[in-house]
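Scroll down for the structure; my scribbles are underneath it.
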C-alpha cells in the first residue's frame, strides 16, 4: 500500500463544483481516497493552484500518420532534442516529437490523459504500439469510420442497427475508444482523387451523403451507449465560406444523450471561415458560437492556431492535397483500403499573413464567444494549429484582454476589419480554464465516471499542481506568470506517483489504454455475419483473423463494456 | 496440425494467408506461399546453441554466457554499432534502440543499403502512397519501375495487382494495365502490357521527360530519351493521365542506380504532378519482411528511420556519416552487434575487412556469411515460425505474426532483453 497526502492545495475541480478551496488531497494505491493514515508521504504545496491532471480530448500523438510526420521531417526532429538522462530516454522533435518527447512534455505541463484523434482501424496496432512508448499518460484512440464501406452500404440500405453492429465489431477488434468521422465521405471520394463539397454531396458509387453518414452514425453511436459521442471533423475544412457547411452539419444533430453532448465537433477554428475566396476571407466565429450556445447537444474544441512552424496531419487527405497546392511544401498522403485516408504537410503560420492572422483570431473568438466553457474546449488539434507546448500561451490569451491586444498589434494590419476579436472584452477565469483543459474534456469523453477529470474519492489520482497562487496573481495583467505556471508544474502526479517536478520527469512510467467493448446480441455479431465475412475476405488484404489487435498490445488494459441496444 | 492464416516472414508483402502443416516440431507442408516463403517455412539447418570462437574452432556456450559476452562487448566499446534489424520483430527492435541509447552507440538498419535513398527523397518531397488494398480494389494502371516482383516479391502480382480481384474492376485482369520499366526484359516485363526499356543510368532523364509531357511540354522532348522513343513516352504519359487510379511500385533498380535518391524524388514529383490530373500513388517495394518496421520503430523512438548515432546522448542522424557502411569503412566502430541480417553478404570489402578486426556478436537463427566474422553467434527463434511479434508490411500495415511451432529457441527480444538488463546493471541503473 502506498499513500500520499497533498496538503494545502488550492483546488479547482469543476466536476465537483470546487472553485479555489484550500484542501488536502489523500491518495492511496493510485486512487483518490477520503483520508490516509499518518504513515502517508506528505507533500505540502503551500496554496498552489491544484487541478485534476490535464486531459487532451483531441491530439495527434501516436500512429501511422504521426509517425510518418516524423519520418519525413528530420528538420523537425532536429528542432527539439534531449539526451538520455536517468530514467528518461532521449527525445527528438518539435511539432511531431517522438513518443517519449510527447509524453515527457505533456507530463511537465500536467497532462495525464490523451486521446489520439484519429486511428485507422487497419493500422490500429501501430497506434497501440506507440501508446506503449507514451509512458506517462493514459491513452485512448478515436477510430475512423468516415469512409467505411460496410457502414456506407448499411446506410444506403437504411439499416442503422447494422451501422452500429459494424462499429461495435470494429471498436472491439481494434481496441478503439470513440467514433471519429473525418470529412465523412470525402476520404472515400479522395481514393478517386475527388472530394465532397459539403454535406449534401453524394459519395461516388456508395450514393450516400455526408449528412446521412453523420446522422446515422450518431444514432448508431447512441444505440451502442458509447461513453463518448460521435467526434466529427466536418467536411470542407480550411476553405473560405465553410462555416455554412459547419452550421449545416451541426444542425443535423438531435439531443439524444442526457449525460453528455451528442456531437463533439473538433478543431472548429478550421471550420469557421467566411468569404467567397481568399481575398475576402473572414471570421465567422460569431454565428458558430451563437449556434452552439443554443444547443447543449454540441461540444466543440478550438483548434487554435499559433504562429510559427508546425506539421499538419489529418485523415482528411483531399484537404492536405489542397494545402500542398497552396504551400508547395512536401506532401504525403496515405489512403487506407475500405476505411479512410490521411495526409501530411509541414506549414508555417505567419503573423504577416492575413489569412493566418484571421485563423489565429477565430480560435480565440470561439472560446470567448461560447458562453459555457464546457462547450468549447482548449486544443490546437496538436500539432495542426500548433504544437501542444503552446497551450500555456493560449490560456494566457484567453485570460487577458491586455495580452490579446498586445498580440493583436503584431498581426497583419487588415485583420481588424475581418474579425470581431478586438471588440471582445471577456477574460476567462481559472475555473473556466480548468473546465476547458480537463473537466470539460473528461465530461465530453464520458470518462468522468471511470474516475478521470476530477479529484473525488475513487478517482484516478492524477493531479497537476501549478506553481502559482491565484490570490496573488492577476491573470489579466500578469500573463507572463500564467504562461510560466502552466508551462511547468510544480508536481504532476499520475496514478498516485509524482511523475514530473519543475520541468523534469522523474520516472519511466507505465500507462493504461482505455477502450470500449459494446456488448451486442448474437444476431448483430459481425464476426459471424456471412456477408460481412465474405466482403472482408475478398477486398481487404489482411485476413479477418489477423485484423484484431491482440490484448498483448495494451500495457494496462482498461476495457469499458457497454450494453448495446442491438 | 494445420495452422491457418500464418504470416510469411520473408518479403515486404507479408502475406498473411499461409497454411502451414506441422508435424511435431517440423513443418511438413506449406500452402499459398510462394517459393521463397515456402523455403523459409520449411527451414534450413539451424545452430543448436550459441557458439563462441575459440581460436580456429567454435565452442558451444550457454545463452547466459553469450548474453554476458555481448553485454560486456557493448559496454566496453567506445563506438559500438548495432546493425541489421529488418529480419526481426518490432518488439526486439525496440529493445535494440534502448541498448544503443544506453551505450551511446550507432543503430542502423538494412535500409541504409536498400531503400535509404528512397527515404531521403521522401524527406525532401513527401510520399503520396496508400495501402496495398487500395491498389488492388481500384488501380486500372500499375507501373513497376526498376523492380521485378516475379522474382523478388512473387505474390505481389497475384495478391495486389495483375492477377488480383478488385472491387471497382469488373474484369480486373483485362481492365488493369501493367507497365514495366527496366533496363532489361525481366520476367515481369513478359507479363506487362507495355515494356519501357531504359538504357542503364537513364531513369532520371525518363522521369523528367514524363513530367514534362504531363505538364504539356511534349515539344521539348528529343526523339529518344535514354533509349526510349518520344512516341512511347507520350503513350505512357497518356496512359497515366487517362487512368482512373494509377500506382507506381519502384525497386532498387531505381533507388540504387545512377541518380539514387534524385531518381526517387523525380518519381515522387511525377506522381504529385499526376495527382493534379487523376489519382496516383507511389510506393517502394520493400525487401525484408520487417524492414519497414525497423524504420517505423526507429522513427517513433528516436525521430529517424535509420542511421542514428547516440554518441552525444541525443539522437543524431546524418546518412553517409552515421550509417553502417560509412562507420565501418572509416574503421570507426570497435564492436558490432548484428541482428536479423547478413552484412557480410552485402557490404563492401573494405567494411568487411574492418568487421574482421573487431568483436562481433550476431543474433540469427541460421549460420550465414556473417558467421565467419563473428566471435559469438546466438541462434534465435524465427519470427513467424517459432516466435510471435509485430511486423510492418511494405505499405505500413502492421501485422502480428503467428507462431506455427515450438522449438525451444528464445526469441530475439528475449535474448536482447537479457543483454539489456545486464548492460543496465553494468551501468549501475
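Chains as they are written, first to last, in the numbering used here: chain G, 40 to 605; chain R, 18 to 446.
We treat Cβ as the ideally placed atom computed from N, Cα and C, and that holds for glycine.
In this text the structure is predicted, and so the values were computed from the model without any measurement.
Query raised in the report: Counting only beta-carbon atoms, is residue 259 of chain G nearer than 8 Å to chain R?
Result: For the purposes of this step, residue 259 of chain G is taken as residue 220 along the first chain, with counting starting at 1. Closer than 8 Å: no.
**Report entry** Cβ-based neighbour list, residue 405 of chain G, same chain, cut-off 8 Å, excluding 5 preceding and 5 following
**Finding:** For the purposes of this step, residue 405 of chain G is taken as the residue at position 366 of the first chain. Correct list, in chain order: 307, 308, 311, 324, 327, 328, 339, 341, 415.
Query raised in the report: By the criterion of Cβ-Cβ separation under 9 Å, what are the contact partners of residue 185 of chain G in chain R?
Result: In the first chain, the residue the question calls residue 185 of chain G occupies position 146. Chain order gives no chain R residues near residue 185 of chain G, where near means a beta carbon separation below 9 Å; the closest approach is about 15 Å.
Query raised in the report: Would you say residue 232 of chain G faces chain R, with C-beta separation under 8 Å as the test?
Result: Counting from one through the first chain, the residue named residue 232 of chain G turns up at place 193. Using a Cβ-Cβ cut-off of 8 Å, residue 232 of chain G counts as an interface residue toward chain R, since at least one Cβ of chain R sits closer than that to its own.
Report task. Using three-state DSSP, classify residue 279 of chain G as helix, strand or coil. Result -> Here residue 279 of chain G refers to the residue found at position 240 of the first chain. Coil at residue 279 of chain G, not helix or strand.
Query raised in the report: Do you know how far the Cα of residue 156 of chain G is from the Cα of residue 226 of chain G?
Result: Here the question's residue 226 of chain G lines up with position 187 in the first chain. Here the question's residue 156 of chain G lines up with position 117 in the first chain. Whole-angstrom Cα-Cα distance: 16 Å.
Query raised in the report: So, helix, strand or coil for residue 102 of chain R, using DSSP?
Result: Along the second chain, one-based indexing puts residue 102 of chain R at 85. In the structure shown, residue 102 of chain R falls within a coil segment according to DSSP collapsed to helix, strand and coil.
Report task. Please check if any C-beta of chain C sits within less than 8 Å of the C-beta of residue 26 of chain R. Result -> Here chain C cannot be found, since the structure's protein chains are G and R.
Query raised in the report: Can you tell me the Cα-Cα spacing of residue 379 of chain R and residue 306 of chain R, whole angstroms?
Result: Numbered from its first residue, the second chain carries residue 379 of chain R at position 362. Numbered from its first residue, the second chain carries residue 306 of chain R at position 289. Roughly 19 Å separates the two Cα atoms.
Requested in this report: Going by CA-CA distance only, name the one from R:65, R:439, R:431, R:411 that's closest to residue 26 of chain R.
Outcome: As a working note, residue 26 of chain R is residue 9 in the second chain. Shortest Cα-Cα distance from residue 26 of chain R to any of R:65, R:439, R:431, R:411 involves R:411.
Query raised in the report: Does DSSP put residue 544 of chain G in a helix, a strand or coil?
Result: Sequence index remark: in the first chain, residue 544 of chain G carries index 505 (1-based). In the displayed model, residue 544 of chain G falls within a strand according to three-state DSSP.
Query raised in the report: Alpha carbon to alpha carbon, what distance is there between residue 267 of chain G and residue 473 of chain G?
Result: If you number the first chain from 1, residue 473 of chain G lands on position 434. If you number the first chain from 1, residue 267 of chain G lands on position 228. Residue 473 of chain G and residue 267 of chain G: Cα-Cα distance of roughly 20 Å.
Query - CB of residue 111 of chain G within 8 Å of CB of residue 140 of chain R, strictly - result: Here residue 111 of chain G refers to the residue found at position 72 when the first chain is read from its first residue. Here residue 140 of chain R refers to the residue found at position 123 when the second chain is read from its first residue. For residue 111 of chain G and residue 140 of chain R, yes; Cβs fall inside 8 Å.
**Report entry** Range of the contiguous alpha helix (DSSP H) that encloses residue 432 of chain G
**Finding:** Along the first chain, read from residue 1 onward, the residue named residue 432 of chain G stands at position 393. Segment 430 to 438, the alpha helix (DSSP H) holding residue 432 of chain G.
Report task. State yes or no: is the C-beta of residue 322 of chain R within less than 8 Å of the C-beta of residue 164 of chain G? Result -> Working through the second chain from its first residue, we reach residue 322 of chain R at position 305. Working through the first chain from its first residue, we reach residue 164 of chain G at position 125. The Cβ-Cβ distance between residue 322 of chain R and residue 164 of chain G does not fall below 8 Å.
Query raised in the report: In chain G, what lies closer than 7 Å to residue 142 of chain R by C-beta?
Result: Along the second chain, one-based indexing puts residue 142 of chain R at 125. Under the 7 Å cutoff, chain G gives 369.
Requested in this report: Only counting runs of 4 or more residues, tell me where the alpha helix (DSSP H) segments fall wholly within the region 115 to 170 of chain G, in order along the chain.
Outcome: Qualifying alpha helix (DSSP H) stretches, in chain order: 138 to 147.
Query raised in the report: Could you check where the alpha helix (DSSP H) with residue 363 of chain G kicks off and where it finishes?
Result: As a working mapping, residue 363 of chain G is identified with position 324 in the first chain. The continuous alpha helix (DSSP H) containing residue 363 of chain G extends over residues 356 to 366.
Query - residue 370 of chain G, buried or exposed, once every other Cβ within 10 Å from all chains shown has been counted against 16 - result: The residue you call residue 370 of chain G lines up with position 331 of the first chain. Buried: at least 16 other Cβ atoms inside 10 Å.
Query - Limits of the beta strand (DSSP E) - the one that residue 71 of chain R falls within - result: Working through the second chain from its first residue, we reach residue 71 of chain R at position 54. From DSSP, the beta strand (DSSP E) with residue 71 of chain R extends over 68 to 71.
Query raised in the report: Hey, is residue 280 of chain R's beta-carbon within less than 8 Å of any beta-carbon in chain G?
Result: Locating residue 280 of chain R in the second chain gives position 263, counting from the first residue. Interface annotation, residue 280 of chain R: not in contact with chain G, CB-CB separation never under 8 Å.
**Report entry** Beta-carbon contacts of residue 286 of chain R that lie in its chain and below 7 Å, excluding the five residues immediately before and after
**Finding:** By 1-based counting over the second chain, the position of residue 286 of chain R is 269. Counting only Cβ-Cβ distances below 7 Å, and skipping sequence neighbours, we find 142, 228.
Report task. Under 6 Å Cβ to Cβ from residue 608 of chain G, same chain only, skipping five residues before and after it: list those, please. Result -> Residue coverage of chain G in this structure runs from 40 to 605, which leaves residue 608 of chain G outside it and unanswerable.
Query - CA-to-CA distance, residue 351 of chain R to residue 376 of chain R, given in whole angstroms - result: Translated into positions along the second chain, residue 376 of chain R becomes position 359. Translated into positions along the second chain, residue 351 of chain R becomes position 334. Going by the C-alpha atoms only, they are around 7 Å apart.
Query raised in the report: When Cβ atoms are compared, which residues of the region 233 to 252 of chain R fall closer than 9 Å to chain G?
Result: Answer in chain order: no residues at all.
Query raised in the report: What do you get for residue 19 of chain R, buried or exposed, if any count of 16 or more other CB atoms within 10 angstroms of its CB means buried?
Result: Along the second chain, one-based indexing puts residue 19 of chain R at 2. Answer is exposed; the Cβ neighbour count stays below 16.
Requested in this report: On a CA-only basis, which of R:112, R:369, R:385, R:66 is nearest residue 9 of chain R? Give me that one, please.
Outcome: Here chain R covers residues 18 to 446 and nothing more, so residue 9 of chain R does not appear.
Requested in this report: State the Cα-Cα distance for the pair residue 257 of chain G and residue 292 of chain G, rounded to the nearest angstrom.
Outcome: Taking the first chain and counting its residues from 1, the one referred to as residue 257 of chain G is at position 218. Taking the first chain and counting its residues from 1, the one referred to as residue 292 of chain G is at position 253. If you draw a straight line from the Cα of residue 257 of chain G to the Cα of residue 292 of chain G, it is about 8 Å long.
Query - Within chain G, partners of residue 332 of chain R - CB distance below 7 Å - result: On the second chain, residue 332 of chain R is found 315 positions in, with the first residue counted as 1. Within chain G, the residues near residue 332 of chain R are 120, 129, 131.
Query raised in the report: In terms of DSSP beta bridges, what is residue 43 of chain R paired with?
Result: For the purposes of this step, residue 43 of chain R is taken as residue 26 along the second chain, with counting starting at 1. The bridge partners DSSP lists for residue 43 of chain R are R:40.
Query raised in the report: Between residue 553 of chain G and residue 145 of chain G, which are expected to be in contact by the criterion C-beta below 8 Å, what is the C-beta distance as a whole number of angstroms?
Result: Residue mapping note: residue 553 of chain G aligns to position 514 of the first chain, counting from 1. Residue mapping note: residue 145 of chain G aligns to position 106 of the first chain, counting from 1. The Cβ separation is near 16 Å, so there is no contact.
Report task. Provide the residue span of the beta strand (DSSP E) that contains residue 553 of chain G, from first to last. Result -> Indexing the first chain from 1 puts residue 553 of chain G at position 514. Taken as a continuous stretch (DSSP letters only), the beta strand (DSSP E) holding residue 553 of chain G covers 552 to 558.
Requested in this report: Return yes when at least one heavy atom of the ligand ATP lies under 7 Å from the C-beta of residue 96 of chain G, else no.
Outcome: Of ligands this structure carries none, so the ligand ATP is not represented either.
Query raised in the report: Among R:124, R:230, R:433, which one has its Cα closest to the Cα of residue 335 of chain R?
Result: Numbered from 1 along the second chain, position 318 holds the residue referred to as residue 335 of chain R. The closest CA to that of residue 335 of chain R, considering only R:124, R:230, R:433, is found on R:124.
Query - Buried versus exposed, by CB contacts within 10 Å (16 or more), residue 244 of chain G - result: Stepping through the first chain from its first residue, residue 244 of chain G is reached at position 205. Residue 244 of chain G should be labelled exposed.
Query raised in the report: Mind checking whether residue 610 of chain G and residue 115 of chain G have CB atoms under 8 Å apart?
Result: The structure shown does not extend to residue 610 of chain G, since chain G spans only 40 to 605, so no value can be given for it.
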